[in-house]
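Student: Residue numbers (this note's numbering): 8 to 281.
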Amino acid sequence: MVWVLTLQAGTGRIGSRIYGYGIMWCPALATYLTCKLVKLDMAGLAWQWGRPKYQLWAYLIPLLYSLISYVIIWLAGWGGFYNKTFINEAAQSLGWSHLPQGLFIVLFFLVNGVIGLFGSMSTALGEEIGWRGFLVPQLSNLTTYTYTSLISGIIWAVWHYPLLIFGHYNNGASAWYGLTCFTVAIVSMSFISTWFRLKSNSLWTGVMLHASHNLFVQSFFTPITVATSQSKYFIDEFGAVLAGVLLIFAVYFWTRRNELTSIRFAQSSSYGTE
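1. In whole angstroms, what separates the C-alpha of Ser200 from that of Thr41?
2. Below 8 Å, how does it come out for the segment 140 to 153 and the segment 231 to 244: are there three or more Cβ pairs, yes or no?
3. Any idea what DSSP makes of Ala180, helix, strand or coil?
4. Give me the Cα-Cα distance between Ser277 and Pro230, rounded to the nearest whole angstrom.
5. CA-CA distance, Gly1 and Ser197?
6. When we look at the beta-carbon of Glu266 and count the other beta-carbons within 10 Å, is it buried (16 or more) or exposed?
7. Rounding to the nearest angstrom, what Cα-Cα distance links Trp81 and Leu106 in this structure?
8. So what does Gly86 bridge to, in DSSP terms?
9. Using DSSP with H/G/I as helix, E/B as strand and the rest coil, what is Lys206?
10. Can you check whether the CB of Ala247 is closer than 7 Å to the CB of Ala256?
11. Would you kindly report the start and end of the unbroken alpha helix (DSSP H) that includes Glu96?
12. Check whether the Cβ atoms of Ala180 and Lys239 sit closer than 7 Å, and answer yes or no.
13. Grab me the residues of Phe1's own chain with a C-beta within less than 7 Å of its C-beta, minus the 5 sequence neighbours each way, in chain order.
14. Can Gly174 and Ala35 be called in contact, C-beta distance under 7 Å?
15. Excluding five sequence neighbours on each side, which residues of the same chain lie with their C-beta closer than 7 Å to the C-beta of Val214?
16. Which of helix, strand or coil does DSSP assign to His105?
17. Which of the three DSSP states is assigned to Ser277 in this structure?
18. Under the three-state reduction of DSSP, which class applies to Ala53: helix, strand or coil?
19. Nearest by alpha-carbon distance to Ile94: which of Lys43, Arg204, Val113 is it?
20. Taking Ser76 as the reference, which of Arg263, Arg264, Phe260, His220 has the closest Cα?
21. Helix, strand or coil: how does DSSP classify Leu5 here?
22. According to DSSP, is Leu157 part of a helix, a strand, or is it coil?
23. Taking Thr212 as part of the alpha helix (DSSP H), name the residues at either end of that continuous run.
24. Return the CA-CA distance between Ala273 and Pro144, expressed in angstroms with no decimal places.
25. Thinking C-beta only, is Ser159 closer than 7 Å to Leu254?
26. Check whether the Cβ atoms of Gly57 and Ser209 sit closer than 7 Å, and answer yes or no.
27. Identify which residue in Asp243, Trp183, Lys91, Leu63 has its Cα closest to the Cα of Gly120.
28. So, at 6 Å on beta carbons, what are the nonlocal neighbours of Leu142 in its own chain, with the 5 sequence-adjacent residues on each side left out?
29. Please list the segments of the beta strand (DSSP E) lying wholly inside the segment 57 to 81, counting only runs of 3 or more residues, in order along the chain.
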């Protein structure tokens, strides 16, 4: 039902925000129902926080690959730095319009990156309960890290396809182009998220990485970028640059897959434990 409501909604922020919460919590609902049906304990989803260093890196890595991607975009002229209209609107909204724009950009980056993280985590958690809380450890019982990352990543990507094809979740390029770039980006993210999930034994690394990605890509770097005639092919999650950079990051974590050989999950109500 929430998919139908979302696809019929307009382009305003209110509807997209409300329905977006509903969509992102569907995997959590599906996980709850699955656990009830097969008599698995939701407490076994690795709710423990784990070692702080994994949470910190899960937060910083999206910032790093986003920064690399958008510096490439700005230097190549596929988008401009910075969008004065957006910055003026944001400054006015926060009551900081008296500040120099350069200082405001720095403060906005910091405030958005800290306070905004909590809101972003509240939506990411709904998906991650399903993807990294339930799906990844179950797949890891059956196959390798590589196939676990590929399968969960493809499912994660395809789950978004209705919004990309029929909704407003795109950059304006052709559907096949946006789908290709988005799929490469999401599957690549899956290699990173799966590595952290298996290494940390905490679903919160997935939540942190997912929330940080949405926060920096969708709420900071894309809005502050001035769109050009070529931007729809290169910026955001539907452009080639972020997809390419994420692919490089994915290959890096794939080369570290042997560090995960000792991680195993019991196929029982405690499947979230080592």
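Just so it is clear, CB atoms sit at the ideal spot from N, CA and C, and this is done for glycine as well.
Tutor: So, from the data block:
1. Each residue's alpha carbon lies about 22 Å from the other.
2. As far as the Cβ criterion goes, the segment 140 to 153 does not touch the segment 231 to 244, which means the pair count is below three.
3. The three-state reading of DSSP puts Ala180 in coil, since its state is none of H, G, I, E or B.
4. At Ser277 the pLDDT is 40, less than 50, meaning the model places this residue with poor confidence; the figure from the coordinates comes in the next sentence. Roughly 43 Å between the two C-alpha positions.
5. Given that the chain is displayed from residue 8 to residue 281, the structure contains no residue 1 and the question cannot be resolved.
6. Exposed is the call here.
7. Spanning the alpha carbons of Trp81 and Leu106 requires a straight line of approximately 24 Å.
8. Bridge partners of Gly86: Ala234.
9. Note: Lys206 maps to helix in three-state DSSP.
10. Note on identity: in this sequence residue 256 is Phe, with Ala being the wrong assignment. Cβ atoms of Phe256 and Ala247: not closer than 7 Å.
11. Per DSSP, Glu96 belongs to the alpha helix (DSSP H) from 91 to 101.
12. Lys239 sits close to Ala180, with the two beta carbons spaced by under 7 Å.
13. This structure does not reach residue 1, given that the chain is present from 8 up to 281, and the question cannot be answered.
14. For the 7 Å CB-CB criterion, Gly174 and Ala35 do not form a contact.
15. By the criterion of a C-beta distance shorter than 7 Å, Val214 is surrounded in its chain by Met128, Ala131, Leu132, Glu135, once the five residues flanking it on both sides are discounted.
16. Under the three-state reduction of DSSP, His105 is assigned to coil, being neither helix nor strand.
17. Unreliable positioning characterises Ser277 in this predicted model, as indicated by a pLDDT of 40, which lies under 50. The coordinate reading is nonetheless provided below. The three-state secondary structure of Ser277, taken from DSSP, is coil.
18. In the three-state scheme derived from DSSP, where H, G and I count as helix and E and B as strand, Ala53 is classed as coil.
19. Closest by alpha carbon: Val113.
20. The option with the nearest alpha carbon to Ser76 is His220.
21. Residue 5 falls outside the range modelled here, since the chain spans only 8 to 281, and no answer is possible.
22. Leu157 falls in the helix class under three-state DSSP.
23. Residue range 211 to 220 is occupied by the alpha helix (DSSP H) that includes Thr212.
24. Note that Ala273 has pLDDT 47, beneath the 50 cutoff, so the model's placement of it is unreliable and the number below is only indicative. Looking at the two C-alpha atoms, the distance is approximately 9 Å.
25. Going by C-beta atoms, Leu254 is not nearer than 7 Å to Ser159.
26. Contact flag set, yes.
27. Of Asp243, Trp183, Lys91, Leu63, the smallest CA-CA separation from Gly120 is found for Leu63.
28. Around Leu142: Ser159.
29. Segments of the beta strand (DSSP E) lying fully in the segment 57 to 81: there are none.
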